[in-house]
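Only one structure is covered here, and it is reproduced in the block below.
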Amino acid sequence: MAIEINGTATEAAPRPGQCLRTFLREQGNFGVKKGCDGGDCGACTVHVDGIPVHSCIYPAVRAEGHSVTTIEGLSNGEELHPVQQQFLDNQGFQCGFCTAGMMMTAATFDEEQKANLPRNLKGNLCRCTGYRSIADAVCGDAGDGQNTSDGGAASQSGAGSKGSGQLGDNVPAPAGRAVVTGTARYTLDVPAEQLPGLLHLKLLRSPHAHARIVSIDATAALQVPGVVAVFTHEDAPGRLFSTAQHELYTDDPDDTRVLDNVVRFIGQRVAAVVAESVGAAEAGARAIRVEYELLDAVFSPQDALLPGAPAIHGEKDGETARISRPQNNVVAEVHSELGNVEAGFAAADFIHENTYQTQRVQHVAMETHCSIAWVEPSDNPGEDRLMVRSSSQVPFLVRRTLARVFDLPEDRIRVVAGRVGGGFGGKQEVLAEDLVAMAALKLRRPVQVEFTRTEQFTSTTTRHPFTIKVKAGASNDGQLTAMQLDVVTNTGAYGNHAPGVMFHGCGESLAVYKCANKKVDAQAVYTNTVPAGAFRGYGLSQMIFAIESAIDELAVGIGMDPLDFRLKNMVRPGDHMLSTNPEPEEDVYYGSYGLDQCVALVRDALERGDKRYRDAGLDNFGPGWVTGVGSALSMIDTVPPRGHFAHTRLRLLPDGTFDAAVGTAEFGNGTTTVHAQLAATALATTASNVAVRQSDTDLVEHDTGAFGSAGTVVAGQATLLAAQELALRIRAVAAAFAGVPEADCVLEDGAVRWGERVVPFTEVYDAAQQQGMELATEGRWGGTPRSVAFNVHGFRVAVNTGTGELRILQSVQAADAGVVVNPRQCRGQVEGGIAQALGVALYEEVRVNDAGEVTTDILRQYHIPSFADVPRSEVYFAKTNDQMGPLGAKSMSESPFNPVAPALANAIRNATGVRFAALPIARDKIYLALKDAAASTPTQLTRI
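In my numbering, the protein residues as written are 189 to 1132.
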């Protein structure tokens, strides 16, 4: 019997054992996504006879004789289904990869089910939004940002009138309709007819933490039907590189090969099998026989630093590979002292010492790493081009790395990123592109790779675990006298991002406080474990957890309110921002300053929350419950150091609209909307009249990429400069056309006005054509000078001292984002950062056993926040106008994450008297710590 898909019977029959998800995608229904293939995330949800099912675990054969509806069939022609319209109106998405599955589930809800979303949406996960916008969308609650100030956008800029689609408006995402209809194209959403002869690549990975490959026998693999080729280290380029991607590739050590003859962690690539189907490639990988020579391994950075420890990259030359001390497993290190910490501690009335630890965390972007490569032939010998389609935050840097590794000119490589299903730093790497590039270049056929969710956990990257020994002192009058930190970071088997994460972590976390005496000793250390890499916050969140916890302990120790203590010691305009260097960064300035406003906003919100609870009679939870409040602050440079570049091309089209070509990628960060709004503001039009093309190395000269919160303040600045120049040219053409002074011409509402005369842009375009002129401009920005952004978070919690249960009663964050370009979108970034940080604070952890193997390798073993886990947070914006940012804006993608975990730990400490110094603060840990503390003296409680 045929399967009916979206009202049409299909003639295709599923293969034996095929799941419904892959069958539906083979029929062109690309809105059906893969997030787990284990029934855990809901991204693949479809309807079978009107009932929502997870198609990744639903056998396709069971759908025979039944009606299947995917997101593509939910709407009635051009008329959206009500739930699609509500998700569009409320922008209930960011990257959008989970959105189709979320809507397919919600579309079946009755009013009773809508009233209990924590239960009824438990099978659908979102990593981006924080769920508030999803709840509003499901329930049709079109609120644009309660508990949110506008950041002064309209009042400060003079733009952004209601509905203008310019600065300060809640402009909808340009791809919104495509997202809610399932037609937005992510990396692998390519029809089969566009890639004839597509092959699939799967990897054999190492079962050993440290071993030398003696031999690989691929004979049996090559005999598997459908297997085309097997690649090993003997086929791979010999060049060493780093999977980490930065503007300066020398920021990272060259310690990695595409395929190596030494494996350094369980899960490392050993061989790549290319076949006609995924199943054949997997069978081929299982058939390979490898002989290993086992080597000694080391799994903790503390052990790796001991004399005689196995040198994981000991064969490499440190100077050539840019590894600080390869024989000692030290990738990078910093040792500095400002002032005299010994004298500072002597002057202290109270000293706090503790060791803080942060754990491995996985990004869990809903779209796993994936890539397609093929060779585009040319009529001219030697001019064929390598084409790569990738889920990447950094397509231009991927191109550069592939050119280096495969010894190709950059102009013979084109890298395109479609819409990217989440990033969080994890896609600031080359983890898949090199594999398909190698295979495509050798086989001259298209090759695709898609990592499984297990591979994401075991074989890509994690957040760097930090161990931070803190010693800090303060005087009784509330003055910080000394801060000393001993930091060890675990970079895993490879040093991608190790130096940058260490240096950045030891930067703004310390620089935000005035203290004459600061000492830092930090080392990034190799171990035989899954590599660490870039993760939201880039080292700051780990360090801020330790420092903000210590700041609270100092305040308690001298009997001072923690927020007052912060106000007394935090930097203010005119103060040097110092961490490990005696001189401040030469290009970092206070472009604006809203930290004091953020502290006041959080304090006021917590006080109002306290009054609400008392007035409602909810301040007493009964026997065994204690309540408390806590807060933490953070500062971040708005752009990474040493250059971050962007290039924009902008032109007026015959119909009076504009085409913007930019390099930056869109993965839920909202930069596409920001580009359109900034250009629209400068050109006196609406964002809907600016079409943004992006993430294609053929579009513009160069773009460093969408990381380090640079999408608005770097790429957006380039777009603004191009738009401002184009506005001048439009005025000049109009003035020449009308024979009036250029100063008399004003752009407004998609036209040029002088006096009573109004000429639409279409006529200006025609006039330019008659003058032989193209109205097109370019904008460039190099990421300097840089400003600083601030975030303050506060919590009110209740803790059951008998069971360890934790309830978050109130969550509030204030952000200094400068002039907020799009308040609804910016609020979503803050809420998403809070939700992800709560997972890290309370339960997320990539666990590695004593043999170096990741044991939390599927989503049901690795708890990311679901709908029921995330409280609705109050979000406020300080009213500032940044001198460096485009039209006064600052970055606000990474920074909301950073103060959440310490604020929560401080609230728990305030409620219970117990200091939790290691993340995550899971319920069982709370229970055990409180049980131990019940028999301890108060002085012992702070060491838990």
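Every residue, glycine too, gets a C-beta built ideally from N, C-alpha and C. Since this is a predicted model, take the numbers as computed values, not measurements.
Practice task
Report the rounded CA-to-CA distance for CYS232 versus HIS685, giving the unit in angstroms.
Solution key: By one-based count along the sequence shown, residue 232 stands at place 44. By one-based count along the sequence shown, residue 685 stands at place 497. Cα-Cα distance, rounded: 33 Å.
Exercise for the section: Measure from the alpha carbon of GLU192 to the alpha carbon of each residue in VAL234, ASP228 and ASP225, then state which is nearest. Expected result: Within the sequence shown, the letter at position 4 stands for residue 192. That would be VAL234, whose Cα lies nearest to the Cα of GLU192.
Practice task
Assign GLY261 to buried or exposed, taking buried as 16 or more other Cβ atoms, counted over all protein chains shown, within 10 Å of its Cβ.
Solution key: Your numbering for residue 261 matches position 73 in the sequence shown. Looking at its Cβ environment, which holds 16 or more other Cβ atoms inside 10 Å, GLY261 is buried.
Handout entry: Residues near LEU866 by beta carbon distance below 6 Å, same chain, minus five either side
Key = As a first step, residue 866 must be located in the sequence shown, where it is residue number 678. If we look at LEU866 and ignore the five residues flanking it on each side, its Cβ neighbours are GLY904, THR907, LEU908 and PRO1074.
Problem - Under the three-state DSSP convention, the category PRO750 falls into - result: The residue labelled residue 750 in the question sits at position 562 within the sequence shown. Looking at PRO750 - three-state DSSP - the assignment turns out to be helix.
Problem - Sufficient close CB pairs (3 or more, under 8 Å) joining the stretch 703-722 to the stretch 671-678 - result: yes
Problem - Euclidean distance between Cα positions of LEU526 and ASN769 - result: Counted from its first residue, the sequence shown places residue 526 at position 338. Counted from its first residue, the sequence shown places residue 769 at position 581. Their backbone Cα atoms lie some 7 Å apart in a straight line.
Handout entry: Which listed residue (ALA406, ASP443 and GLU564) has its alpha carbon closest to that of LEU391
Key = As a working note, residue 391 is residue 203 in the sequence shown. Ranking ALA406, ASP443 and GLU564 by Cα distance to LEU391 puts ALA406 first.
Handout entry: Nearest-angstrom Cα separation, counted from ALA325 out to VAL985
Key = In the sequence shown, counting from the first residue as 1, residue 985 sits at position 797. In the sequence shown, counting from the first residue as 1, residue 325 sits at position 137. Spanning the two alpha carbons is a distance of roughly 28 Å.
Exercise for the section: Quick one: measure Cβ to Cβ for ASP886 and GLY851, integer angstroms, because I've assumed they're closer than 8 Å. Expected result: Residue numbering aside, residue 886 sits at position 698 when the sequence shown is read from its first letter. Residue numbering aside, residue 851 sits at position 663 when the sequence shown is read from its first letter. In fact, because the Cβ distance is near 10 Å, the residues do not count as touching under 8 Å.
Handout entry: Rounded Cβ spacing between PHE978 and SER767 (contact assumed at less than 8 Å)
Key = Residue numbering aside, residue 978 sits at position 790 when the sequence shown is read from its first letter. Residue numbering aside, residue 767 sits at position 579 when the sequence shown is read from its first letter. Between SER767 and PHE978 the Cβ distance is about 16 Å, and since that is not below 8 Å, they are no contact.
Handout entry: Delimiting residues of the alpha helix (DSSP H) encompassing GLY584
Key = Numbered from 1 along the sequence shown, position 396 holds the residue referred to as residue 584. Residue identity check: residue 584 is Phe in the sequence provided, not Gly. 583-594 is the extent of the alpha helix (DSSP H) around PHE584.
Practice task
Return yes when the Cβ of ARG209 is within less than 9 Å of the Cβ of TYR1133, no when it is not.
Solution key: Here the chain covers residues 189 to 1132 and nothing more, so residue 1133 does not appear.
Problem - CB contact flag (THR1068, GLY610, <9 Å) - result: As a working note, residue 1068 is residue 880 in the sequence shown. As a working note, residue 610 is residue 422 in the sequence shown. No, these two residues do not count as a Cβ contact at 9 Å.
Practice task
Report the residue from ASP1038, ARG839, LEU383 and GLY688 whose alpha carbon sits nearest the alpha carbon of PHE949.
Solution key: Looking up residue 949 in the sequence shown gives position 761. Checking every option, the nearest Cα to that of PHE949 belongs to ARG839.
Problem - Cross-strand partners of VAL249 (DSSP beta bridge) - result: Here residue 249 refers to the residue found at position 61 of the sequence shown. VAL249 is not bridged to any residue.
Practice task
Measure how close the beta-carbons of ALA1093 and PHE1104 come, nearest whole angstrom, since I'm counting them as under 8 Å.
Solution key: As a working note, residue 1093 is residue 905 in the sequence shown. As a working note, residue 1104 is residue 916 in the sequence shown. The Cβ separation is near 5 Å, so the contact holds.
Practice task
Please confirm if the stretch 378-386 is in contact with the stretch 634-645, defined as three or more CB-CB distances below 8 Å between the two stretches.
Solution key: yes
Practice task
Give the C-beta separation of ALA660 and MET765 to the nearest angstrom, bearing in mind that I take them to be a contact with Cβ-Cβ under 8 Å.
Solution key: On the sequence shown, residue 660 is found 472 positions in, with the first residue counted as 1. On the sequence shown, residue 765 is found 577 positions in, with the first residue counted as 1. 18 Å between Cβ atoms; not a contact.
Practice task
Tell me, please, whether the stretch 1058-1068 touches the stretch 676-695 by the rule of three or more beta-carbon pairs shorter than 8 Å.
Solution key: no
Problem - Coil, strand or helix - ASP884 by DSSP - result: Here residue 884 is taken as the residue at index 696 of the sequence shown, counted from 1. In this structure, ASP884 counts as strand in the three-state DSSP scheme.
Exercise for the section: Using 10 angstroms around the beta-carbon of PRO1011, count the other beta-carbons present and answer buried if the total reaches 16, otherwise exposed. Expected result: Translated into positions along the sequence shown, residue 1011 becomes position 823. Counting Cβ neighbours within 10 Å, PRO1011 comes out buried, since at least 16 surround it.
Exercise for the section: Look up ILE918 in the DSSP assignment and say whether it is helix, strand or coil. Expected result: Position 730 of the sequence shown holds residue 918. It is helical.
Exercise for the section: Count the C-beta pairs between the stretch 714-725 and the stretch 747-756 that are closer than 8 Å, then say yes if the count reaches three, no if not. Expected result: no
Practice task
Give every residue of the same chain whose Cβ lies closer than 7 Å to the Cβ of LYS961, excluding the five residues on either side of it in the sequence, and list them in chain order.
Solution key: Stepping through the sequence shown from its first residue, residue 961 is reached at position 773. Here the sequence assigns Met to residue 961, which means Lys is not the residue at that position. VAL921.
Handout entry: N-terminal and C-terminal residue of the beta strand (DSSP E) that ILE824 is part of
Key = As a working mapping, residue 824 is identified with position 636 in the sequence shown. Run containing ILE824: 813-825, per the beta strand (DSSP E) assignment.
Practice task
Report all residues from its chain with a CB closer than 6 Å to the CB of VAL934; omit the five preceding and five following residues, and keep chain order.
Solution key: By one-based count along the sequence shown, residue 934 stands at place 746. Contacts found: ARG941.
Problem - VAL776 versus GLY971: straight-line alpha-carbon distance, rounded - result: The sequence position of residue 776 within the sequence shown is 588, counting from 1. The sequence position of residue 971 within the sequence shown is 783, counting from 1. Looking at the two C-alpha atoms, the distance is approximately 11 Å.
Exercise for the section: Within its chain, find whatever has a CB closer than 7 Å to the CB of GLY333; leave out the 5 residues flanking it on each side and keep chain order. Expected result: The residue you call residue 333 lines up with position 145 of the sequence shown. Any answer about GLY333 is weak, because its pLDDT of 47 lies below 50 and its placement is not dependable; what the coordinates show is given next. Counting only Cβ-Cβ distances below 7 Å, and skipping sequence neighbours, we find PRO1011, ARG1012 and ARG1015.
Exercise for the section: Specify the secondary structure class of ARG974 as computed by DSSP and reduced to three states. Expected result: Reading the sequence shown from its first residue, position 786 is the one you call residue 974. DSSP places ARG974 in strand when its eight states are reduced to three.
Exercise for the section: Report the rounded CA-to-CA distance for GLY219 versus VAL608, giving the unit in angstroms. Expected result: The residue labelled residue 219 in the question sits at position 31 within the sequence shown. The residue labelled residue 608 in the question sits at position 420 within the sequence shown. About 14 Å.
Practice task
Identify, in the order they occur along the chain, each residue of the same chain with its Cβ nearer than 7 Å to the Cβ of GLY506, setting aside the five sequence neighbours on each side.
Solution key: Translated into positions along the sequence shown, residue 506 becomes position 318. Counting only Cβ-Cβ distances below 7 Å, and skipping sequence neighbours, we find SER512, ARG513 and PRO514.
Practice task
In the DSSP assignment, find the unbroken alpha helix (DSSP H) run with ASP491 in it and report its ends.
Solution key: As a working mapping, residue 491 is identified with position 303 in the sequence shown. Note, ASP491: alpha helix (DSSP H), 489-492.
Practice task
Report yes if the CB atom of ALA720 is closer than 9 Å to the CB atom of VAL689, and no otherwise.
Solution key: Taking the first residue of the sequence shown as position 1, residue 720 is located at position 532. Taking the first residue of the sequence shown as position 1, residue 689 is located at position 501. Yes. Within cutoff.
Problem - The alpha helix (DSSP H) enclosing HIS396, as first and last residue numbers - result: Stepping through the sequence shown from its first residue, residue 396 is reached at position 208. Here HIS396 belongs to no alpha helix (DSSP H), and DSSP marks it neither H nor E.
Handout entry: Inter-residue spacing [alpha-carbon to alpha-carbon] between SER559 and VAL582
Key = Along the sequence shown, read from residue 1 onward, the residue named residue 559 stands at position 371. Along the sequence shown, read from residue 1 onward, the residue named residue 582 stands at position 394. If I take the Cα positions, the gap works out to 13 Å.
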